[in-house]
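Protein chains: 2
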Amino acid sequence: MSKRRRVEDNEKESGNEESTNGLVQRQSPEIQLLPAALEHSIFGVQPTNDFVRVVSDFLYMQVGKENVEIEAKLGVLLDKKTRERIRLPVYCETVISPYDDRWMIFESNMTLEQHKSFNNLLNNRFIETKSPSHKGQPVEYKHTYEIDKFYDTKDGRIRVTRDRKTGEIVEGGIVQKVRIADLNIYSPNTKLDYRISVNAEIPKKMPEGPHSFERNKDRLSYTHQIVKVDLTQVKVTDGGSQDLTHELEVEFIDPRILLEEKLKIENRQENRYVEIVEHFLNNIRMLAKNAI
Amino acid sequence: MSKRRRVEDNEKESGNEESTNGLVQRQSPEIQLLPAALEHSIFGVQPTNDFVRVVSDFLYMQVGKENVEIEAKLGVLLDKKTRERIRLPVYCETVISPYDDRWMIFESNMTLEQHKSFNNLLNNRFIETKSPSHKGQPVEYKHTYEIDKFYDTKDGRIRVTRDRKTGEIVEGGIVQKVRIADLNIYSPNTKLDYRISVNAEIPKKMPEGPHSFERNKDRLSYTHQIVKVDLTQVKVTDGGSQDLTHELEVEFIDPRILLEEKLKIENRQENRYVEIVEHFLNNIRMLAKNAI
């Protein structure tokens, strides 16, 4: 190690090192008292968490667009070449740069065991919040069986969603889904990564002609305050072959509540924009943490 | 894109995409009301921030060791090969894995302009907290001129620190500094990265013989509650050559207050361990954010 440049090497074995600290700690017998009210910092304030800021800014750009939906899905970030989970030299959950993510894909799938475990977790939470002693807001729960049929038209792919029992098209069930933007989150300390997606679901008229493929969805929806957690088993039928996947997504029940707060920011009013983003992140993070 | 596997590609131009969301948002005229009391999540709780958890765990392992000092320094993470700032495909502040950091070095240096700007920032804050209308705790301020002389002995390098004006050895001024562990933080959205270091400063007897090199330190120390921010100009004299560097470090005035909280965790008592770690991080983050 050079003495001239203040370069610190990563070789931990080089034990002896010049220090910049002349004022050595006085290890007096009395330990300093921890102030009862610890201020946020020497500046009295707390910086916005960089992760939260990046996600907030990302959503800020998108939330005003028409027919927008905002969701976060659990899955795995895979290296396109190796098809294995990506590995970065980072030690904690981090947002992948959208300018440097072309080498990876996000697979929104999980094992049947993981799916079952989330099912148990959310069912238990549902029961817990229904107990008379529960102080907070209850979780509501709904089981739906739907079928999506996809039509490839000259204006793009259109999805028609029907209730599998009644055969009727569900409310807002004919849409064209257009991807707007994604933000991938690498989470090396949990079994699953996640992706935050903004899509537009543009209402369409019923398409003509035959559909190209279909998808059966067996879905458990858990709603709580402003989010919905969907645990879905998806069976895709495409000609003779079938494929079964298991998905978990968190979405805003109504993304316009985020838009409302954005408008307050623009009008320099007090707002809860960041609180809502953190609430959304807390949900997907709690679920990622619980992935077995 | 395959319809079979639920793989989502990163090519944003592929606008039409099958959706997993059958329950399309009902864009009813009434926007959902934002609950006055938004719970942390569907589980009622907030996960510990992964970044904070990683730093907390890192310090937890080290804080009980003897004569320990904990500091965070601003600087730049450089690629050993290119000598340029490292670039990772991440979008926010993140902890570098200590198992994958051998390819980088941390240079705890900054430009004279950055140093001056921090000086102004901290002086202004000092004045602000001294105003009679200030509600919080004051910042204290001290200017010291010291000289470190380094002696290479058979037991390792020993540092002797003297007050430059009086020539007297400062309190706790004869030590051997031993590096224990480092955690590097890459901060792509600020001009500077930072490193959290744990060192032991072992008290020693005055070494004999001549010293091998010396270092002049012109230091401004700003103390606030439990931390000290040192802004130091260091002049290293090694034979005929001289080198001038500018450093900023945040350190715990007494790291044993963190140890106290660790012991409470071990005894399953209520504690403020994470609060203290966050306070420490807030300080270095506020400073990193303000780097010009």
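First to last, the protein sequences are chains U and L.
Under the UniProt record's numbering, think of the first position of the first sequence as 1, with each following residue one higher.
Under the UniProt record's numbering, think of the first position of the second sequence as 1, with each following residue one higher.
In this text, a Cβ means the ideal position worked out from N, Cα and C, and glycines have one as well.
- prompt: Which two residues bound the contiguous alpha helix (DSSP H) that contains alanine 291 of chain L?
  reply: Along the second sequence, read from residue 1 onward, the residue named residue 291 of chain L stands at position 291. In the DSSP assignment, alanine 291 of chain L falls outside any alpha helix (DSSP H), carrying neither H nor E.
- request: Take leucine 74 of chain U and list the residues in its own chain whose beta-carbon comes closer than 8 Å to its own, dropping the five residues that flank it on each side.
  value: As a working mapping, residue 74 of chain U is identified with position 74 in the first sequence. Cβ within range, chain order: Ser108, Met110, Leu192, Asp193, Tyr194, Glu247, Leu248, Glu249, Ile284, Leu287, Ala288, Ala291.
field: Assumed close pair serine 221 of chain U, proline 89 of chain L - CB separation to whole angstroms, cut-off 8 Å
entry: Along the first sequence, read from residue 1 onward, the residue named residue 221 of chain U stands at position 221. Along the second sequence, read from residue 1 onward, the residue named residue 89 of chain L stands at position 89. 34 Å between Cβ atoms; not a contact.
task: For aspartate 79 of chain L, return the contacting residues in chain U, with the cut-off set at a CB-CB distance below 7 Å.
output: As a working mapping, residue 79 of chain L is identified with position 79 in the second sequence. Chain U residues near aspartate 79 of chain L: none, gap ~12 Å exceeds 7 Å.
Residues from the region 148-169 of chain U in contact with chain L, defined by Cβ distance under 8 Å: Asp148, Phe150, Gly156, Arg157, Arg159, Thr161
field: the region 148-161 of chain U touching the region 209-218 of chain U, judged by at least three CB pairs closer than 8 Å
entry: yes
- prompt: Hey, is tyrosine 222 of chain U's beta-carbon within less than 8 Å of any beta-carbon in chain L?
  reply: Locating residue 222 of chain U in the first sequence gives position 222, where the first residue counts as 1. With 8 Å as the cut-off, tyrosine 222 of chain U counts as an interface residue toward chain L.
query: the region 131-147 of chain L: which residues have C-beta closer than 8 Å to a C-beta of chain U, in chain order?
result: Gly136, Gln137, Val139, Thr144, Glu146
message: Assuming contact is defined by CB atoms lying nearer than 8 Å, are asparagine 189 of chain U and aspartate 50 of chain L in contact in what I supplied?
response: For this step, residue 189 of chain U is matched to residue 189 along the first sequence. For this step, residue 50 of chain L is matched to residue 50 along the second sequence. Against a cut-off of 8 Å, the Cβ pair of aspartate 50 of chain L and asparagine 189 of chain U comes out as a contact.
query: Between which two residues does the alpha helix (DSSP H) carrying lysine 262 of chain L extend?
result: Here the question's residue 262 of chain L lines up with position 262 in the second sequence. Start and end: 256-266.
task: Sort out for me which residues DSSP pairs lysine 235 of chain U with in a bridge.
output: Numbered from its first residue, the first sequence carries residue 235 of chain U at position 235. Beta-bridge annotation (DSSP): lysine 235 of chain U is paired with U:Asn216, U:Leu244.
- prompt: Any idea if alanine 72 of chain L is buried or exposed, counting beta-carbon neighbours within 10 angstroms, 16 or more meaning buried?
  reply: Within the second sequence, numbered from 1, the residue matching residue 72 of chain L stands at position 72. Looking at its Cβ environment, which holds 16 or more other Cβ atoms inside 10 Å, alanine 72 of chain L is buried.
query: Going by alpha carbons, who is nearest to arginine 157 of chain L out of L:Gln137, L:Val178, L:Thr166, L:Glu140?
result: Against the second sequence, residue 157 of chain L aligns to sequence position 157. The shortest Cα separation from arginine 157 of chain L among L:Gln137, L:Val178, L:Thr166, L:Glu140 belongs to L:Val178.
- request: With a cut-off of 8 Å on the beta carbons, I'd call proline 203 of chain L and glycine 172 of chain L a contact; round off their distance for me.
  value: For the purposes of this step, residue 203 of chain L is taken as residue 203 along the second sequence, with counting starting at 1. For the purposes of this step, residue 172 of chain L is taken as residue 172 along the second sequence, with counting starting at 1. Right, their Cβ atoms sit about 7 Å apart.
message: Is the beta carbon of isoleucine 265 of chain L closer than 8 Å to that of glutamine 32 of chain U?
response: As a working note, residue 32 of chain U is residue 32 in the first sequence. As a working note, residue 265 of chain L is residue 265 in the second sequence. Note that the C-beta distance between glutamine 32 of chain U and isoleucine 265 of chain L is not below 8 Å.
field: Under 9 Å (Cβ pairs) to chain L, residues found in the region 202-236 of chain U
entry: Pro203, Ser212, Phe213, Arg215, Lys217, Arg219, Ser221, Tyr222, Thr223, His224, Gln225, Ile226, Val227, Lys228, Val229, Asp230, Thr232, Val234, Val236
field: Through-space distance from isoleucine 105 of chain U to lysine 228 of chain U, alpha-carbon basis
entry: Within the first sequence, the letter at position 228 stands for residue 228 of chain U. Within the first sequence, the letter at position 105 stands for residue 105 of chain U. If you take the alpha carbons of lysine 228 of chain U and isoleucine 105 of chain U, they lie about 25 Å apart.
message: Just verifying my parser: in three-state terms, what is the DSSP assignment at lysine 130 of chain U?
response: Reading the first sequence from its first residue, position 130 is the one you call residue 130 of chain U. Helix, per DSSP.
- request: Please state if the CB of leucine 34 of chain U and the CB of isoleucine 185 of chain L are separated by a distance shorter than 8 Å.
  value: Position 185 of the second sequence holds residue 185 of chain L. Position 34 of the first sequence holds residue 34 of chain U. Cβ atoms of isoleucine 185 of chain L and leucine 34 of chain U: not closer than 8 Å.
message: For a test of the three-state rule: what should DSSP assign to glycine 22 of chain U, helix, strand or coil?
response: Start at 1 with the first residue of the first sequence, and residue 22 of chain U comes out as number 22. Note that glycine 22 of chain U has pLDDT 35, beneath the 50 cutoff, so the model's placement of it is unreliable and the number below is only indicative. DSSP places glycine 22 of chain U in coil when its eight states are reduced to three.
Neighbourhood of proline 255 of chain L by C-beta, 7 Å cutoff - its chain only, sequence neighbours within 5 removed: Reading the second sequence from its first residue, position 255 is the one you call residue 255 of chain L. Cβ-Cβ distances below 7 Å link proline 255 of chain L to Val63, Val68, Glu69, Ile70 in the same chain, with the five nearest sequence neighbours on each side left out; the list follows chain order.
Rounded C-alpha distance that separates glutamate 66 of chain L from glutamate 270 of chain L: Counting from one through the second sequence, the residue named residue 66 of chain L turns up at place 66. Counting from one through the second sequence, the residue named residue 270 of chain L turns up at place 270. Cα-Cα distance, rounded: 25 Å.
- prompt: Using a Cβ-Cβ cut-off of 7 Å (strictly less than) and excluding sequence neighbours within five positions of valine 54 of chain L, which residues of its own chain qualify?
  reply: By one-based count along the second sequence, residue 54 of chain L stands at place 54. Result list for valine 54 of chain L: Val95, in chain order.
task: Assign glutamine 176 of chain L to one of two classes, buried (16 or more other C-beta atoms within 10 Å of its C-beta) or exposed (fewer than that).
output: Here the question's residue 176 of chain L lines up with position 176 in the second sequence. Classification for glutamine 176 of chain L: buried.
message: Along the region 110-133 of chain U, where does the CB come closer than 7 Å to a CB of chain L? Name the residues.
response: Arg125
field: Sheet register partners of aspartate 152 of chain L (DSSP bridge)
entry: Here residue 152 of chain L corresponds to residue number 152 of the second sequence, with the count starting at 1. Aspartate 152 of chain L pairs with L:Arg157.
- prompt: Taking 7 Å as the cut-off, does the CB of threonine 232 of chain L come closer than this to any heavy atom belonging to the ligand GTP?
  reply: Among the components of this structure there are no ligands whatsoever, and the ligand GTP is therefore not found.
- request: Determine the chain U residues that contact glutamine 269 of chain L at a beta-carbon separation under 9 Å, and present them in chain order.
  value: On the second sequence, position 269 is the one that residue 269 of chain L refers to. Correct list: empty, because the minimum Cβ distance to chain U is about 13 Å.
task: Tell me whether glutamine 137 of chain U sits in a helix, a strand or coil according to DSSP, three-state version.
output: As a first step, residue 137 of chain U is located in the first sequence; it is residue number 137 there, counting from the start. DSSP places glutamine 137 of chain U in coil when its eight states are reduced to three.
message: Using DSSP's beta-bridge definition, name the partner residues of leucine 281 of chain U.
response: Counting from one through the first sequence, the residue named residue 281 of chain U turns up at place 281. Residue pairing by DSSP places leucine 281 of chain U opposite no residue, since no beta bridge is assigned to it.
- request: Go to arginine 195 of chain U, then tell me how far its beta strand (DSSP E) extends in each direction, as first and last residue.
  value: As a first step, residue 195 of chain U is located in the first sequence; it is residue number 195 there, counting from the start. Its beta strand (DSSP E) spans residues 193-203.
task: Work out the CA separation of leucine 259 of chain L and aspartate 182 of chain U for me, nearest whole Å.
output: Along the first sequence, read from residue 1 onward, the residue named residue 182 of chain U stands at position 182. Along the second sequence, read from residue 1 onward, the residue named residue 259 of chain L stands at position 259. Approximately 42 Å, taken between the alpha carbons.
One or two residues paired with tyrosine 145 of chain L in a DSSP bridge: For the purposes of this step, residue 145 of chain L is taken as the residue at position 145 of the second sequence. Paired residue(s): L:Asp218.
query: Which class does isoleucine 276 of chain L belong to by DSSP, given the choice of helix, strand or coil?
result: Within the second sequence, numbered from 1, the residue matching residue 276 of chain L stands at position 276. The answer is helix: DSSP assigns isoleucine 276 of chain L an H, G or I state.
task: Please name the residue in L:His40, L:Asp163, L:Glu113 whose C-alpha comes closest to that of glycine 136 of chain U.
output: Reading the first sequence from its first residue, position 136 is the one you call residue 136 of chain U. Considering only alpha carbons, the answer is L:His40.
task: Report yes or no: is there a C-beta of chain L within less than 8 Å of the C-beta of serine 56 of chain U?
output: As a position in the first sequence, residue 56 of chain U is number 56, starting the count at 1. It does not; no Cβ of chain L falls within 8 Å.
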